[in-house]
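Structure first, commentary second.
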Amino acid sequence: MLLKYWRLVFNDHFVIALFFMFGALAWGYSQALNQLNSHLWWSRPVAIIVLLIILQVGRLATLVKPADPVFLLPQAKMMTHYFHQALHYSLILGELMTLAFSAVLMPFIMATSTYTVDTVIAIAVVMVTLKATEMNWLLARLFRFTSKTETVIILVILPGVVLISGFYLSWIVAGIISTIVMVVSWQVQRRVTQRLLNWRLAVAQEQQRMLGIYRFFNLFTDVPMVQGVVHRRRYLDWLVKLMSQSKQPFSYLYARGFLRGTEVSGLIVRLTVVGMAILFFIPIFWLNLLIMVLFIYLLTVQLIPFYWHFDNHVFTHLYPVSQIDQLKNFQSLSQKILLGATLLLWLASTGTTVNMPQQGAKLLVGVCESLLLVYGYIKYRIRQKK
């Protein structure tokens, strides 16, 4: 099932775009490292925070579903072996991702310190043991009650203490502490998994993990498993008036639906933030402009399905509003969203140096592209599906 989405996401066009983006990021990263030295006070705190974020990548995959407690409850005692196999599978993938992301950070750590290759290997060992501790705890919590405080201690505070001791004391000390903690967590996990399984927690945890994967796929294609959540958000009421037009029912519906829902608005916000982060670190003008144009197009593609968001609501078909007016209302909303996102991407593309002629050219291209996509591409795509 996931391979079906992988083929849709990583098509030829997206792979080429990734090639350019990662190439530009790697080049910018290497150029930035040349300007760093080993006397930066902020390098160690930044490395600790990034390593803590890396440890959060990769969760326990149990693949349990809501129907499993009904059919497998009589076999609960026999599920222990299955969950141990799930732990081994998840641990392999989690360790590989941890090592891969840590390897990207290692040049920064070596450029801002006097560490040798032996120290880098020690850091990798500490990261591996900390990840194993996290996986053991994630499995153990399915068989026992855990509080939010314990979650914060195991996932954040404990790894933070180990990493701080490594950067500011000795990596040998950090390695010994992380190894002891890993062994203790393994012993606790082996003993706790003999108890009864908390099926509700196991199902909820797996659904949350899969939702994260589906949200990634939903950036590129429609995923039925992703269901939006509606929030009141009174603090955004002023935006409804700003984004809608008076005496236009669909204009009000689109504006309120966009701001109250999490599916489309969250997608637009995440994509904009990712684009801003990438553009900030790319100093090459033509590549920066190309990626900015690409992200504006991606935002437009994600907005188009929102046109049919209210089609399943019976009362919208009773409105005495023509489809031409509906399209105009949707274009008006799309124009405001895209122009706002374009402005944020343009500000992020400035980076650390300001070149007014280049920034003026990028702003002009971004605004023109947004207007062409709103009144040309969006109109074409909507009429094509009718």
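Residue numbers (this note's numbering): 905 to 1290. By construction, the Cβ of each residue, glycine as well, lies at the ideal position given by its N, Cα and C atoms.
Of the residues assessed, Gln-979 falls on the exposed side of the cut-off, its CB having fewer than 16 other CB atoms within 10 angstroms. The residue from Leu-1275, Asn-1040, Val-1065 and Asp-972 with its alpha-carbon nearest to that of Ile-953 is Val-1065.
In this chain, the alpha helix (DSSP H) harbouring Arg-948 covers 947 to 959.
Out of Met-1014, Ala-1036, Gly-1170 and Pro-973, the CA that lies nearest to the CA of His-992 is found in Ala-1036.
When secondary structure is reduced to three states using DSSP, Arg-1048 falls in the coil class, being assigned neither helix nor strand. DSSP places Pro-1153 within a helical segment (H, G or I) once states are collapsed to three. Ala-965 sits in coil when the DSSP states are folded into three classes, being neither helix nor strand. Between Ser-1253 and Asn-1192, the C-beta spacing is below 8 Å. Non-local C-beta neighbours of Leu-1248 in its own chain, meaning closer than 7 Å and more than five positions away in sequence, comprise Thr-1176 and Met-1180, ordered along the chain. Under the 8 Å Cβ criterion, the region 1262 to 1279 does not count as touching the region 1211 to 1218, having fewer than three qualifying pairs. Residue burial is scored here from C-beta neighbours: Leu-1251 has fewer than 16 other C-beta atoms within 10 angstroms and is therefore classed as exposed.
CA-to-CA, the gap between Ile-1282 and Trp-946 works out to about 46 Å.
One thing to note: Leu-1242 has its Cβ within 8 Å of the Cβ of Thr-1204.
Going by DSSP, Ile-1061 is part of no alpha helix (DSSP H) at all; its letter is neither H nor E. By the Cβ neighbour-count rule, Gly-1079 is buried, with 16 or more other Cβ atoms within 10 Å of its own. Per the coordinates, the alpha-carbon of Ile-1117 lies some 11 Å from the alpha-carbon of Gly-962. Closest option to Ser-1082, judged by alpha-carbon separation, among Pro-1063, Arg-1099 and Phe-975: Pro-1063. Within the region 1182 to 1270, complete beta strand (DSSP E) segments of at least 3 residues are not found at all. Boundaries of the alpha helix (DSSP H) around Asn-1122: 1103 to 1122.
The region 906 to 921 makes no contact with the region 981 to 988; the number of CB pairs closer than 8 Å stays below 3. Counting every other CB atom within 10 Å of its CB across the protein chains shown gives Glu-1110 a total of 16 or more, marking it as buried. Val-1024 is positioned such that its CB atom lies closer than 8 Å to that of Met-1014. Relative to the Cα of Phe-1199, the nearest Cα in the group Gln-1227, Thr-1246, Gln-1235 and Leu-1105 belongs to Thr-1246.
Here the C-alpha atom of Leu-907 lies approximately 11 Å from the C-alpha atom of Phe-1121. Note on geometry: alpha-carbon atoms of Gln-1239 and Leu-1194 lie some 20 Å from one another. Distances from the CA of Phe-1189 to each of Val-1269, Tyr-1156 and Pro-1209 were compared; the closest alpha carbon is that of Val-1269. Inter-residue distance for Asn-1233 and Gly-1161 is about 13 Å (C-alpha atoms, whole angstroms).
In the displayed model, His-988 falls within a helix according to three-state DSSP.
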